[in-house]
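Quick notes on the structure that follows.
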Amino acid sequence: MPLTVPSVQLWLGLVLLFLALVWLSRQISLQIQLLVYCLTRSEERATLALFLIFLPGILVHEAAHWATARLLGLKAGKFRVWPKRQGQQIGLGSVSVQSGGALADSLVGIAPLVVGSLAVALISHQIFNAARLGTALAQGDWLATVQAFTASLGQPDGLLWAYLLFAVANAMMPSSSDREPLKPVLLYAALAVGMYIILQLPLPSLPQLMTWLGPPLQSLSSAFLFVTLLDLLILAGLSLTLLLVGRQPL
Numbered sequence: 010m011p012l013t014v015p016s017v018q019l020w021l022g023l024v025l026l027f028l029a030l031v032w033l034s035r036q037i038s039l040q041i042q043l044l045v046y047c048l049t050r051s052e053e054r055a056t057l058a059l060f061l062i063f064l065p066g067i068l069v070h071e072a073a074h075w076a077t078a079r080l081l082g083l084k085a086g087k088f089r090v091w092p093k094r095q096g097q098q099i100g101l102g103s104v105s106v107q108s109g110g111a112l113a114d115s116l117v118g119i120a121p122l123v124v125g126s127l128a129v130a131l132i133s134h135q136i137f138n139a140a141r142l143g144t145a146l147a148q149g150d151w152l153a154t155v156q157a158f159t160a161s162l163g164q165p166d167g168l169l170w171a172y173l174l175f176a177v178a179n180a181m182m183p184s185s186s187d188r189e190p191l192k193p194v195l196l197y198a199a200l201a202v203g204m205y206i207i208l209q210l211p212l213p214s215l216p217q218l219m220t221w222l223g224p225p226l227q228s229l230s231s232a233f234l235f236v237t238l239l240d241l242l243i244l245a246g247l248s249l250t251l252l253l254v255g256r257q258p259l
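This is the structure in structure tokens:
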């Protein structure tokens, strides 16, 4: 049975929001470093500022690696939480984990994204009632979406929770080393799906699966939408500040 239009829209919306978050995370990291560098003329201070801003999320990221490795029975050493430049890349933390094969290594690599997404969904819905944003956007009411977003930030301790949400969401993205073991697993998965489609094998449980996945995917989409708006607001503020600082004599 083919996927219904709402199911396709739900998956497509979630993927697009995730890709937007990946892009926003990179831009925000770059803008933070550029701003601090313009103020201090120090790459080390720019890196340190990025590390300190994302510290809560970095702790969650590395702890997810460590805990998943231990749950899978892999040896995991102490994790390092401190910035370190490696050529053109910046490592904000690391944890040494024994290799357990492609599948186990992939689970360890993807753990920060899974744990981070769960934390993002929990904070977005429990503190900010992100479902209101998803409902307003689904109705095509952009003004109501923005109003719901700004009203959410007015919750008790809203700015503190918004910072924690920002730090976790922007630090949960897999690093290049996290993505490396995923390549063969994704390749085999794509081949399996391709063969399944080519052979036109039946999908008797797909409608039930989509029915079961629908509510959690909708909740995650609403949470990602809230973080996307938050990141856009912060990126706009950083860009404006960087523009003003760039015009000032050093």
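Position in the sequence shown (from 1) plus 9 gives the number in the working numbering. Backbone N, C-alpha and C fix where the C-beta goes; we use that ideal spot for every residue, glycine too.
Residue i vs residue j beta-carbon contact at 8 Å
i, j, result
"A130", "L229", "yes"
"L191", "I37", "no"
"L234", "A139", "yes"
"V236", "A178", "yes"
"S126", "M182", "no"
"L80", "A113", "no"
"R89", "S103", "yes"
"P193", "A85", "no"
"L48", "V254", "yes"
Strand pairing of residue i, partner residues [DSSP]
i, result
"F88", "V104"
"I99", "R94"
8 Å Cβ shell around residue i - same chain, five flanking residues per side excluded
i, result
"I62", "I41, A176"
"S185", "Q98"
"A198", "none"
Rounded distance between the beta-carbons of residue j and residue i, thought under 8 Å
i, j, result
"V45", "A55", "4 Å"
"L142", "T154", "5 Å"
"S161", "A232", "Their Cβ separation, rounded to whole angstroms, is 12 Å, which puts S161 and A232 out of contact at 8 Å."
"L30", "D240", "7 Å"
"L328", "L226", "Nothing can be reported for residue 328, as the shown portion of the chain is limited to 10 through 259."
"V106", "A78", "4 Å"
"G65", "L195", "One detail in the question is off: residue 65 reads as Pro in this sequence, not Gly. With a Cβ gap of about 29 Å, P65 and L195 do not count as contacting."
Own chain, CB closer than 6 Å to residue i, minus 5 neighbours either side, in chain order
i, result
"A73", "A120, P121, V124"
"F264", "With the chain covering only 10 through 259, there is no way to say anything about residue 264."
"P258", "Reliability fails at P258, whose pLDDT of 49 lies under 50, so the model's placement of it is uncertain and no value is given."
"L83", "V106, Q107, G109"
"D187", "G118"
Nonlocal neighbours in the same chain, by C-beta distance under 7 Å from residue i, ignoring five residues either side
i, result
"I136", "Q164, W170"
"A260", "With the chain covering only 10 through 259, there is no way to say anything about residue 260."
"L26", "S230, F233, L234, T237"
"P224", "none"
"G246", "none"
"V14", "Residue placement at V14 is poorly supported in this model, since its pLDDT is 48, which falls under 50; the coordinates still yield a value, given next. There are no such residues."
"L43", "L251"
"L116", "T77, L81"
"P248", "Residue 248 is actually Ser in this sequence, not Pro. So the list reads Q40, once near-sequence residues are dropped."
Proximity test, Cβ basis, 8 Å: residue i and chain B
i, result
"G203", "No chain B appears in the structure shown, which is made up of a single protein chain."
**Report entry** Uninterrupted alpha helix (DSSP H) stretches inside the segment 22 to 92 (no shorter than 4 residues)
**Finding:** 52 to 62, 64 to 80
Query - Length at least 4, wholly inside the segment 145 to 194: the alpha helix (DSSP H) runs in chain order - result: 151 to 162, 167 to 180, 185 to 188
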